[in-house]
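S.K.: Just so we're aligned, residue -15 is where the sequence shown starts under my numbering, counting upward by one. Ideal Cβ positions, reconstructed from N, Cα and C, are used throughout, including at glycine. Before I ask anything, here is the structure I am working with.
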Amino acid sequence: MISMLLADSELELVPREIVGYPAVRLNARKRNKSPAKSILDASLHHSAMRALPMGDRRGRPDIVHVFLLVALESVLNRVGQLRVYIHTRNNEMITIDPTTRIPKNYPRFVGLMESLFEKGSVPEREPLIVMQRDRDIGACIGEIPHEKVILLSPKGRRVRLSDYVKECDNALFILGGFPKGEFISDVLSEADDTISIYEESLSVWTVASEILVNYENHVLEASAPS
């Protein structure tokens, strides 16, 4: 089994500094939502986000959405060999039950995340997604069972993933949940190993897919009759 943690994910509610901006209020009105209870989305709020620190990398719930679809629909998850977690830029930790069916429709996913921020868990009766607040990256890692922490970074040492995963049982893989720049959390000091799987930067869902498929092949080979 392995775990995946999407760190410093750009998933947050609209910051109070920009709730009064026209682009934010107009979109919230169209959706019959309070601006302050709306998920920040660069595709909708980009004009207002120029007023935010690091505004050019924030408001990317789509990265979390695609990552979760790739991970939770993987063969590795279906055979019970994967656990998935999200850490946000504002130090929330989101734990996702492996049986969760993430909406493929992006607006529905955004609505689900807005409910999660408001209620702390969804669905209400039998929660499958749970948010904990005030969890920095170290606290998140401390709550996830693991034997080794592996950070994926273009600056890491290059490895052949098909060979590397053979020594990764019970490992925690950390991937960046942001579109550009560096980790804002001190992830490097938490990692036992920092690796790269390609000579260029890759999208997080591509990296996740490579890890999932290579570890899945390792699991299947190990369980195959000799």
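Note down, in chain order, each residue of its chain lying with its Cβ closer than 6 Å to the Cβ of R119, except the 5 sequence neighbours on either side.
M.R.: Hits under 6 Å: N75 and M77.
S.K.: Are the CB atoms of H29 and V8 within a distance shorter than 8 Å?
M.R.: For V8 and H29, yes; Cβs fall inside 8 Å.
S.K.: Starting from the Cα of N61, find the closest Cα among M(-15), S185 and G39 and give me that residue.
M.R.: Out of M(-15), S185 and G39, M(-15) has the C-alpha closest to the C-alpha of N61.
S.K.: Tell me the residue span of the alpha helix (DSSP H) that contains V171.
M.R.: Looking at the DSSP string, V171 is not in any alpha helix (DSSP H), and its letter there is neither H nor E.
S.K.: Indicate the three-state DSSP secondary structure (helix, strand or coil) for R92 in the structure shown.
M.R.: Helix at R92.
S.K.: Verify whether the separation of the beta carbon atoms of V(-2) and G161 is less than 8 Å.
M.R.: Not closer than 8 Å, so no.
S.K.: Cβ of T178 within 8 Å of Cβ of S137?
M.R.: Yes, Cβ-Cβ distance for T178 and S137 is below 8 Å.
S.K.: Return helix, strand or coil for M(-12), following the three-state DSSP convention.
M.R.: DSSP places M(-12) in strand when its eight states are reduced to three.
S.K.: If distances are taken between C-alpha atoms only, which option among L112, I195, L66 and I23 comes closest to I2?
M.R.: For the residues L112, I195, L66 and I23, the minimum Cα distance to I2 belongs to I23.
S.K.: Does G4 have its Cβ less than 8 Å from a Cβ in chain C?
M.R.: The structure shown contains no chain C, having only a single protein chain.
S.K.: Specify the secondary structure class of L39 as computed by DSSP and reduced to three states.
M.R.: A quick correction: the sequence has Gly, not Leu, at residue 39. It is coil, neither helix nor strand.
S.K.: Which residues in the same chain as I163 place their Cβ atom closer than 6 Å to its Cβ, once the five residues preceding and following it in sequence are excluded?
M.R.: Correcting the residue type first, residue 163 is Pro in the shown sequence and not Ile. Contacts found: R41 and R44.
S.K.: What are the start and end residues of each continuous beta strand (DSSP E) run of 3 or more residues lying completely inside the stretch -7 to 74, in chain order?
M.R.: Counting whole runs of 3 or more residues, the stretch -7 to 74 contains the beta strand (DSSP E) stretches 66 to 72.
S.K.: Any contact of the stretch 121 to 133 with the stretch 169 to 188, i.e. 3+ C-beta pairs under 8 Å?
M.R.: Taking 8 Å as the limit for Cβ pairs, the verdict is that the stretch 169 to 188 does touch the stretch 121 to 133.
S.K.: Threshold first: 4 residues or longer. Then list the alpha helix (DSSP H) segments lying entirely within the stretch 116 to 201, N to C.
M.R.: Counting whole runs of 4 or more residues, the stretch 116 to 201 contains the alpha helix (DSSP H) stretches 121 to 127 and 145 to 148.
S.K.: Which value, in whole angstroms, describes the spacing of the CA atoms of I128 and I113?
M.R.: Rounded to the nearest angstrom, the two C-alpha atoms are 15 Å apart.
S.K.: Which stretch, first to last residue, makes up the beta strand (DSSP E) that contains T79?
M.R.: Per DSSP, T79 belongs to the beta strand (DSSP E) from M77 to I80.
S.K.: Which residues in the same chain have their Cβ closer than 6 Å to the Cβ of K139, if we skip the five residues on either side of it in sequence?
M.R.: None.
S.K.: Would you list the residues sitting across from I113 in a DSSP beta bridge?
M.R.: DSSP lists I80 and V106 as partners of I113.
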